[in-house]
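Visitor:
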Amino acid sequence: MYLVDTNIFLEVLLLQDRKEECENLLDLIRNGKKTGVVTDFTIHSIIVIMYNLNRLKELKIFLSSLTAYKGLHIYFTTITDEINAVETALLQKLDMDDAIQYSTALFLKAEAIISFDKHFNSLKIPRKEPQQIK
Numbered sequence: 005m006y007l008v009d010t011n012i013f014l015e016v017l018l019l020q021d022r023k024e025e026c027e028n029l030l031d032l033i034r035n036g037k038k039t040g041v042v043t044d045f046t047i048h049s050i051i052v053i054m055y056n057l058n059r060l061k062e063l064k065i066f067l068s069s070l071t072a073y074k075g076l077h078i079y080f081t082t083i084t085d086e087i088n089a090v091e092t093a094l095l096q097k098l099d100m101d102d103a104i105q106y107s108t109a110l111f112l113k114a115e116a117i118i119s120f121d122k123h124f125n126s127l128k129i130p131r132k133e134p135q136q137i138k
């Protein structure tokens, strides 16, 4: 099971340079060939970003599409999870959004964090990029 970071979805939603490799990964998860987890924090972050970019139609499509992913699970963080994330931020020198992702990945014993964010390098759970998942 992989923790899928926010930037993987945003790469597709914002039609960025690495959109295609992210789509390939998300297709594997959508079809149930790979298992991924996303935090509710990621979903809320995407909501805020897409709203600020006035991309509400795309946001609605994205949110609706999440229900069709056979291999995707949403993890709802608790206050205890968020307290642990603060501790993780202090220990690992991560910002809070990365700390929430990393501490969730630790808790769930994720195989890797799928992300372009190099802040996850050299941590206990490895960072992988979408094209590394086959």
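Under the numbering used here, the first residue of the sequence shown is numbered 5, with each subsequent residue one higher. All C-beta atoms in this analysis are idealised placements derived from N, C-alpha and C, irrespective of residue type, glycine included. Only a predicted model underlies this, so the values are computations on that prediction, with no experimental measurement involved.
Keeping to the same chain, check which residues put their C-beta closer than 8 Å to that of residue 78; ignore five residues upstream and five downstream.
Guide: The residues are 41, 42, 43, 44, 47, 70.
Visitor: Measure the alpha-carbon distance for residue 116 versus residue 61 and round it to whole angstroms.
Guide: Approximately 31 Å between the Cα atoms of the pair.
Visitor: What separation, rounded to the nearest whole angstrom, lies between the Cα atoms of residue 25 and residue 135?
Guide: When rounded, the distance between both Cα atoms is 6 Å.
Visitor: List the endpoints of the continuous alpha helix (DSSP H) containing residue 84.
Guide: Run containing residue 84: 83-96, per the alpha helix (DSSP H) assignment.
Visitor: Can you grab the Cα-Cα spacing for the pair residue 27 / residue 138, in whole Å?
Guide: So the alpha carbons of these two residues sit roughly 13 Å apart.
Visitor: Would you mind sorting residue 213 into buried or exposed? The rule is 16 or more other CB atoms within 10 Å of its CB.
Guide: The displayed coordinates of the chain run from 5 to 138. Any statement about residue 213 would go beyond what the structure contains.
Visitor: By the DSSP assignment, the alpha helix (DSSP H) with residue 108 in it spans what residues?
Guide: Run containing residue 108: 100-112, per the alpha helix (DSSP H) assignment.
Visitor: Any idea which residues DSSP pairs residue 10 with across the strands?
Guide: Bridge partners of residue 10: none, in fact.
Visitor: Where do the N-terminal and C-terminal ends of the beta strand (DSSP E) with residue 79 fall, by residue?
Guide: Run containing residue 79: 76-79, per the beta strand (DSSP E) assignment.
Visitor: Between the alpha carbons of residue 20 and residue 84, how many angstroms are there, rounded?
Guide: Each residue's Cα considered, the two are about 35 Å apart.
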